[in-house]
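In the numbering used here, each residue's number is its place in the sequence shown (first place is 1) plus 1013.
Below you'll find the structure, written out as structure tokens, and then a few comments.
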Amino acid sequence: MNIHNPYDGGGLWLKGCIHAHTTKSDGRLTPAELMNRYSQHDYDFLAITDHDKMTTAKHPSLLMVPSVEITLPEQRHLLSIGSAVQPNMEEETQDCLARIEQSGGLAVAAHPNQDLPHPGFRWPVEALTSLRGLHGLEIYNHLASLFFPRGLAVDVWDKLLSSGVYPCWGFAVDDTHGMSDSDSGPIRDDIFGGWIVVGCPERTLAALLTSIRRGSFYASTGVTILEVNLSATTLTVSSADAEYVRFIGHAGRVLAEKTGMQGSYTIQGSEHYVRVECYREDGTTAWTQPLLVSQGA
Ligand SMILES: [Zn+2]
Ligand SMILES: [Zn+2]
């Protein structure tokens, strides 16, 4: 049995947001205001992803990741993270992905389940499986969760993984526009609701991007993972604050579920992939990346 474990070069855990808007597109905060808010909230890195406008910014305490949210011809949105790719709205999706790859960037499908306010925002599973050079998808988009209840796309993730798309990393993001929802009870801001935490050997932009590319990170809406450890065929995930730990395999099947902050599962070999969700009864969750499991020597 072979197990591909993306968590083998850790060191630091760096927290960041890879999807946020400013007044350079349809956000309400200026780039300086946005960077200061994330910095004051103890984030380590930030990607400003204004619509079809590349941003390369600097900040004294945040690692700033050059990024853009590209509008594709079908109206779908694609994040280009980590390289200065200029968007070209006439370009076909596959050509755009190739250009991001050539420039050393990472391509992430944005809000794949969101079909409001525009049905074209949604990414059909067939479209995602047919593309080459996609590094992952947003499994949680905070803005879409607040305003359109279609922010979660873990179902799409399991479909891609089950049809053999790998690597295929899951990201949680804010997609902040500086807006709030006060329709149902307390005001909820579209910021600090979804993030990733990257296991990274050093605090540099190059190391950060290499670690994200390898899948050495987890996505979260509130739960903190302390360690992902593979010892022979036993996978152990420890958290600081989860109430349950659930191991998921092919087609989203639950392989095992444990109560408490930590759980272990011994991989059998037929799972195709194993990923872990650490969650709390209030709904907050942390998702590890999938470990690829294959039979053979
Ligand atoms: Zn978008
Ligand atoms: Zn956006």
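Ideal Cβ positions, reconstructed from N, Cα and C, are used throughout, including at glycine.
Would you grab the beta carbon distance between His1032 and Leu1092 for me? Rounded to a whole angstrom, and I think it's under 8 angstroms.
Here residue 1032 refers to the residue found at position 19 when the sequence shown is read from its first residue. Here residue 1092 refers to the residue found at position 79 when the sequence shown is read from its first residue. That pair is a contact at about 6 angstroms.
With respect to the alpha helix (DSSP H) encompassing Val1169, which residues constitute its N-terminal and C-terminal limits?
Along the sequence shown, read from residue 1 onward, the residue named residue 1169 stands at position 156. Residues Val1167 to Ser1175.
Can you give the Cα-Cα distance for Leu1119 and Thr1247, rounded to whole angstroms?
As a working note, residue 1119 is residue 106 in the sequence shown. As a working note, residue 1247 is residue 234 in the sequence shown. For Leu1119 and Thr1247, the distance between alpha carbons rounds to 30 angstroms.
Inter-stretch contact (C-beta, 8 angstroms, three-pair minimum) for the region 1217-1224 and the region 1235-1250
no
Kindly indicate which three-state DSSP category Ala1070 falls into: helix, strand or coil?
Looking up residue 1070 in the sequence shown gives position 57. Ala1070 falls in the coil class under three-state DSSP.
4-residue-minimum alpha helix (DSSP H) runs that sit fully inside the region 1109-1187, ordered along the chain
1138-1143, 1155-1160 and 1167-1175
Same chain, Cβ closer than 6 angstroms to Gln1275, neighbours up to 5 away in sequence not counted
For the purposes of this step, residue 1275 is taken as residue 262 along the sequence shown, with counting starting at 1. Ser1251.
Compute the Euclidean distance between the alpha carbons of Leu1218 and Tyr1153, then round it to the nearest angstrom.
Counted from its first residue, the sequence shown places residue 1218 at position 205. Counted from its first residue, the sequence shown places residue 1153 at position 140. Each residue's Cα considered, the two are about 24 angstroms apart.
Answer yes if the region 1149-1169 comes into contact with the region 1187-1207, meaning at least three C-beta pairs across the two stretches below 8 angstroms, and no otherwise.
yes
For Gly1023, tell me which candidate among Ser1038, Val1210 and Ser1283 has the shortest Cα-Cα distance.
Against the sequence shown, residue 1023 aligns to sequence position 10. Minimum Cα distance to Gly1023 is reached at Val1210.
Ile1200 classed as buried or exposed, judged by whether at least 16 other C-beta atoms fall within 10 angstroms
For the purposes of this step, residue 1200 is identified with residue 187 of the sequence shown, where counting begins at 1. By the 10 Å Cβ count, Ile1200 comes out exposed.
Beta carbon nearer than 6 angstroms to a non-hydrogen atom of ligand 1
Glu1082, His1090, Ala1123 and His1124
Close Cβ partners of Leu1170 (< 6 angstroms) along its chain, the five nearest in sequence each way excluded
The residue labelled residue 1170 in the question sits at position 157 within the sequence shown. The sequence shown places Trp at residue 1170, not Leu. Result list for Trp1170: Ile1152 and Gly1183, in chain order.
Taking a contact to mean a Cβ-Cβ separation below 8 angstroms, would you say His1190 touches Asp1039 in this structure?
Residue 1190 sits at position 177 when you count from the first residue of the sequence shown. Residue 1039 sits at position 26 when you count from the first residue of the sequence shown. Result yes, Cβ atoms of His1190 and Asp1039 sit closer than 8 angstroms.
Strictly by DSSP, which residues pair up with Met1077?
Within the sequence shown, numbered from 1, the residue matching residue 1077 stands at position 64. Answer is Leu1059, bridged to Met1077.
For Ala1045, count neighbouring Cβ atoms within 10 angstroms of its own Cβ and tell me buried if that reaches 16, exposed if not.
Here residue 1045 corresponds to residue number 32 of the sequence shown, with the count starting at 1. By the 10 Å Cβ count, Ala1045 comes out exposed.
Bridge partners of Lys1037, per DSSP?
Here residue 1037 refers to the residue found at position 24 when the sequence shown is read from its first residue. Under DSSP, Lys1037 shares a beta bridge with no residue.
In angstroms with no decimal places, state the Cα-to-Cα distance between Pro1079 and Ala1097.
Your numbering for residue 1079 matches position 66 in the sequence shown. Your numbering for residue 1097 matches position 84 in the sequence shown. Going from the Cα of Pro1079 to the Cα of Ala1097 covers about 6 angstroms.
CB-CB under 8 angstroms to Leu1141, same chain, minus the five flanking residues each way: which ones, in chain order?
Counting from 1 along the sequence shown, the entry for residue 1141 is found at position 128. Ala1122, Pro1125, Leu1147, Leu1150, Val1169, Leu1173 and Val1178.
By Cβ distance below 8 angstroms, which residues in the same chain neighbour Pro1086 in space, the five residues on each side in sequence not counted?
Stepping through the sequence shown from its first residue, residue 1086 is reached at position 73. For Pro1086, where only same-chain residues beyond five positions count, the Cβ hits under 8 angstroms are Met1102, Glu1103, Glu1104, Glu1105 and Thr1106.
Could you tell me whether any non-hydrogen atom of ligand 2 is closer than 7 angstroms to the CB of Thr1142?
Mapped onto the sequence shown, residue 1142 falls at position 129. Checking the Cβ of Thr1142 against ligand 2 gives no.
Val1258 versus Ser1283, Gly1282 and Glu1294, residue with shortest Cα-Cα distance
Counting from one through the sequence shown, the residue named residue 1258 turns up at place 245. Checked all of Ser1283, Gly1282 and Glu1294; the closest Cα to Val1258 is Glu1294.
Would you say Thr1062 touches ligand 2, meaning its beta carbon is less than 7 angstroms from a heavy atom?
Counting from one through the sequence shown, the residue named residue 1062 turns up at place 49. Thr1062 Cβ: within cutoff of ligand 2.
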